[in-house]
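Colleague: When you line the sequence shown up against our numbering, it's residues 5 to 492, in that order.
Positions of the beta carbon are idealized from the N, C-alpha and C atoms, including for glycine.
No experiment lies behind these values; they were computed from the predicted model shown.
The structure under discussion is supplied below as structure tokens; questions concerning it will follow.
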Amino acid sequence: MLLRLDGDGALGQRIYGALRRAILAGELRPASRLPATRTLARELGVSRNTVLGAYDQLLAEGYASGRRGSGTYVATALPDPLLRPAPRPAQRVGVRVPRLSAYGRRVARASAIPPLGGAEPSLRWDFRYGIPAVADVAQGAWRRVLARRARIASLPTMTYGPPEGSPALREALADYLRRARGLACDPGQIVIVNGSQQAIDLAARVLLDAGDRVAIEEPQYQGARRIFLAAGARLDLVRVDGEGFDVARVPARGVRLAYVTPSHQFPTGVVMSLGRRLALLEWAWRAGAIVLEDDYDSEFRYEGRPIEALAALDGAARVVYAGTLSKVLFPALRIGYVVLPQPLVAAFRAAKWLTDRHTPTLEQEALAAFIAEGHFERHLRRSRTRHAERRAAVLEALRVHLGDGVDVVGANAGVHVLAWLRHVAAAGLPRLVARAAEAGVGVYPVAPYYSRPPARAGLLLGYASLTDRQIHEGIRRLAEVVRARLTG
Ligand SMILES: Cc1ncc(COP(=O)(O)O)c(C=O)c1O
Numbered sequence: 005m006l007l008r009l010d011g012d013g014a015l016g017q018r019i020y021g022a023l024r025r026a027i028l029a030g031e032l033r034p035a036s037r038l039p040a041t042r043t044l045a046r047e048l049g050v051s052r053n054t055v056l057g058a059y060d061q062l063l064a065e066g067y068a069s070g071r072r073g074s075g076t077y078v079a080t081a082l083p084d085p086l087l088r089p090a091p092r093p094a095q096r097v098g099v100r101v102p103r104l105s106a107y108g109r110r111v112a113r114a115s116a117i118p119p120l121g122g123a124e125p126s127l128r129w130d131f132r133y134g135i136p137a138v139a140d141v142a143q144g145a146w147r148r149v150l151a152r153r154a155r156i157a158s159l160p161t162m163t164y165g166p167p168e169g170s171p172a173l174r175e176a177l178a179d180y181l182r183r184a185r186g187l188a189c190d191p192g193q194i195v196i197v198n199g200s201q202q203a204i205d206l207a208a209r210v211l212l213d214a215g216d217r218v219a220i221e222e223p224q225y226q227g228a229r230r231i232f233l234a235a236g237a238r239l240d241l242v243r244v245d246g247e248g249f250d251v252a253r254v255p256a257r258g259v260r261l262a263y264v265t266p267s268h269q270f271p272t273g274v275v276m277s278l279g280r281r282l283a284l285l286e287w288a289w290r291a292g293a294i295v296l297e298d299d300y301d302s303e304f305r306y307e308g309r310p311i312e313a314l315a316a317l318d319g320a321a322r323v324v325y326a327g328t329l330s331k332v333l334f335p336a337l338r339i340g341y342v343v344l345p346q347p348l349v350a351a352f353r354a355a356k357w358l359t360d361r362h363t364p365t366l367e368q369e370a371l372a373a374f375i376a377e378g379h380f381e382r383h384l385r386r387s388r389t390r391h392a393e394r395r396a397a398v399l400e401a402l403r404v405h406l407g408d409g410v411d412v413v414g415a416n417a418g419v420h421v422l423a424w425l426r427h428v429a430a431a432g433l434p435r436l437v438a439r440a441a442e443a444g445v446g447v448y449p450v451a452p453y454y455s456r457p458p459a460r461a462g463l464l465l466g467y468a469s470l471t472d473r474q475i476h477e478g479i480r481r482l483a484e485v486v487r488a489r490l491t492g
């Protein structure tokens with residue numbers, strides 16, 4: 005513990021004063037345990053009696069409670085409410101924010117775009133996109149495999165690992181991608197990252213200079229948009245229609261990178277047609293540009309035949325493929341991967357080293373075992389069935405309770421749908437969302453994902469974490485709110 009022993013006088017008094025100041029400033033929280041007297045005495049290089057004297061004074065004055073031998077705790081109610089923490093130097097002179105770099109200023113500007121994904125009150129029927137299917141994972145093999153790997157942690161898993169990630173995991177992923185995504189890649193082309201967010205960030209660092217042009221979907225995933233804005237890129241917004249990213253609208257020259265979500269466009273859910281995929285690859289080749297394929301939820305596909313990843317169609321080393329375990333397992337795992345054209349491997353690997361050396365080894369090793377032992381694909385099969393049931397429940401509930409008042413798109417894949425409310429004006433949506441929240445239902449407008457908000461009222465409905473009953477009850481309540489708005 006860091007104590008500032010200000011002033012002069014007896015050591016015991018100075019220790020008492022420092023602890024008292026820390027308590028009043030809230031640095032030592034009410035009910036938290038003070039360090040053991042022996043430990044503090046050792047740290048400060050004083051006798052234990054000196055510390056005991058300081059603790060006795062705090063106890064006597066009511067700043068602390070407890071008995072000798074069973075620990076001393078900060079009091080829950082402080083004795084002197086008039087005593088206020090001493091102002092810190094910054095408060096005295098007025099807070100002055102240190103100067104930010106151009107990058108820092110752009111990050112601040114880009115992060116001001118709503119929504120900022122902070123913690124919000126949890127609602128009983130919450131259709132928030134991004135909540136994982138905890139129930140599908142928590143009881144499963146993941147926990148066992150992770151515990152087993154933790155028990156056998158050895159020197160190689162406890163020292164620094166390779167920046168490109170664990171060889172076993174890269175091997176397992178290459179194998180999986182070959183079978184599941186038709187993506188024939190060598191483990192040497194894979195770099196393990198902390199989620200696709202880091203994949204996009206590394207791509208921006210390695211491939212873009214401030215002022216470069218980036219073609220991005222409109223509407224788009226905000227996490228990507230923020231990264232490109234922070235990198236100082238100029239964005240070309242490219243409309244998404246029924247076939248996905250409209251390549252014909254991308255300038256033939258001058259764009260360095262195109263960011264796309266072809267398997268299930270975020271947030272509209274459109275699956276990019278094969279024609280558009282081929283046209284996009286052709287454009288990249290002619291323009292000398294890179295396509296960044298964000299394949300964030302391709303594992304869940306319900307209708308139509310699976311479409312190969314763009315990277316699997318790429319014969320000209322133009323596609324950087326980003327995958328993630330966030331939707332298939334859970335986002336707090338923070339494991340994703342990039343599959344790179346061979347000439348880009350060294351730059352990504354070096355940038356990953358600079359950023360954080362590597363992704364934590366224990367989780368990588370556990371994931372490698374989880375995949376190699378077949379748990380991953382078993383989990384995937386089960387999740388697919390459960391998500392398909394949830395998706396069917398969403399579609400059924402919307403049909404029953406909102407009928408032709410709703411136009412649902414993007415249900416072919418993924419773990420969310422986009423519901424356009426036919427009889428609600430875009431301007432009336434925030435009120436409707438607030439009313440729904442009062443009824444315990446969390447629904448989220450799609451408008452913030454557009455750079456130019458749409459004229460219609462659209463809701464993003466995530467369903468990965470909900471049971472059939474929650475889905476039906478949530479949509480029933482939402483429909484009640486919609487009807488009340490229409491009639492009131
Ligand atoms: C389109 C898209 N890309 C990337 C991500 C980020 O995923 P990760 O958790 O792997 O960083 C998300 C998360 O919701 C997403 O929706």
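1) Just curious, the beta strand (DSSP E) that E221 is in, first and last residue?
2) Using a Cβ-based criterion (distance less than 7 Å to any ligand heavy atom), does Q201 qualify as near ligand 1?
3) Taking 7 Å as the cut-off, is the C-beta of T359 nearer than that to any heavy atom in ligand 1?
4) Taking the alpha carbon of R109 as the point to measure from, which residue in G236, A355, R439 has its own alpha carbon closest?
5) Using 8 Å as the threshold, is the segment 304-321 in touch with the segment 337-354, meaning 3 or more CB pairs across them?
6) Which residues does DSSP list as the beta-bridge partners of W146?
7) Do D298 and I204 have their C-beta atoms closer together than 8 Å?
8) Does the segment 347-359 come close enough to the segment 146-159 that 3 or more CB-CB pairs lie under 8 Å?
9) Any heavy atom of ligand 1 closer than 7 Å to the CB of Y341?
10) Which partner residues does E297 have in the DSSP bridge list?
11) Within the present structure, is the beta-carbon of F270 separated from the nearest heavy atom of ligand 1 by less than 7 Å?
12) Report the CB separation of G446 from F232 in whole angstroms; it is logged as a contact under 8 Å.
13) Mapping DSSP to helix, strand and coil, what is S115?
14) Among the residues of its own chain, which have a CB less than 7 Å from the CB of R257, if the five just before and after it don't count?
15) Fully enclosed by the segment 178-232, which beta strand (DSSP E) runs are 3 residues long or longer?
16) Which same chain residues, not among the five before or five after R280, have their C-beta less than 7 Å away from its C-beta?
17) Which residues in the same chain have their Cβ closer than 7 Å to the Cβ of A81, if we skip the five residues on either side of it in sequence?
18) Could you pull the start and end residues of the beta strand (DSSP E) that Y341 belongs to?
19) Closest to I194 by CA distance: which of R209, G273, V323 is it?
20) Keeping to the same chain, check which residues put their C-beta closer than 6 Å to that of D472; ignore five residues upstream and five downstream.
21) Look at the alpha carbon of S387 and the alpha carbon of V332, and state the distance between them as a whole number of angstroms.
22) Taking the alpha-carbon positions, what's the S69 to G378 distance?
23) Please return the same chain residues whose Cβ sits closer than 6 Å to the Cβ of G165, not counting the five positions on each side in sequence.
24) Round the Cβ separation of G192 and A415 to the nearest angstrom and send it over; I've been treating them as touching at under 8 Å.
25) Between the segment 54-61 and the segment 10-18, can you find at least three pairs of beta-carbon atoms closer than 8 Å?
26) State yes or no: is the C-beta of H427 within less than 8 Å of the C-beta of G407?
27) So what does DSSP say about F380, is it helix, strand or coil?
28) Span of the beta strand (DSSP E) holding Y77?
29) Rounded to a whole number of angstroms, what is the C-alpha to C-alpha distance between P160 and P171?
30) By DSSP, does R504 sit in helix, in strand, or in coil?
31) Nearest CA to the CA of A483: which residue from L402, Y77, I375?
32) What residue does the beta strand (DSSP E) around R238 start on, and which one ends it?
33) Could you work out which residue in E286, P310, S267, R305 is closest to G319 when comparing CA atoms only?
34) Is the beta carbon of S267 within less than 7 Å of some heavy atom of ligand 1?
35) Closest to A372 by C-alpha separation, out of S200, W146, R394, A112, would be which residue?
36) Could you tell me which of W289, A234, R395 sits nearest to R113, measuring between CA atoms?
Modeller: Let's see:
1) 217-222
2) yes
3) no
4) G236
5) As far as the Cβ criterion goes, the segment 304-321 touches the segment 337-354, which means the pair count is three or higher.
6) Answer is none; W146 lacks a bridge partner.
7) yes
8) Result no; under three Cβ-Cβ pairs closer than 8 Å.
9) no
10) V264, Y325
11) yes
12) Contact doesn't hold; Cβ gap of about 29 Å is too wide.
13) helix
14) A291
15) 194-197, 217-222
16) E247, G248, F249, V251
17) Leaving aside the five residues that flank A81 on each side, none in its chain has a CB nearer than 7 Å to its CB.
18) 340-343
19) V323
20) The answer, listed in chain order, is A397.
21) 8 Å
22) Roughly 54 Å separates the two Cα atoms.
23) Cβ neighbours of G165 beyond the five flanking positions: H362, T365.
24) Taking a contact as a CB-CB distance under 8 Å, the pair G192 and A415 does not count as one, their CB atoms being some 38 Å apart.
25) yes
26) no
27) Helix, per DSSP.
28) 76-78
29) A direct Cα-Cα distance of roughly 12 Å separates P160 from P171.
30) Outside the shown range of the chain (5 to 492) lies residue 504, about which nothing can therefore be said.
31) L402
32) 238-245
33) E286
34) False, no ligand heavy atom lies under 7 Å from that Cβ.
35) W146
36) A234
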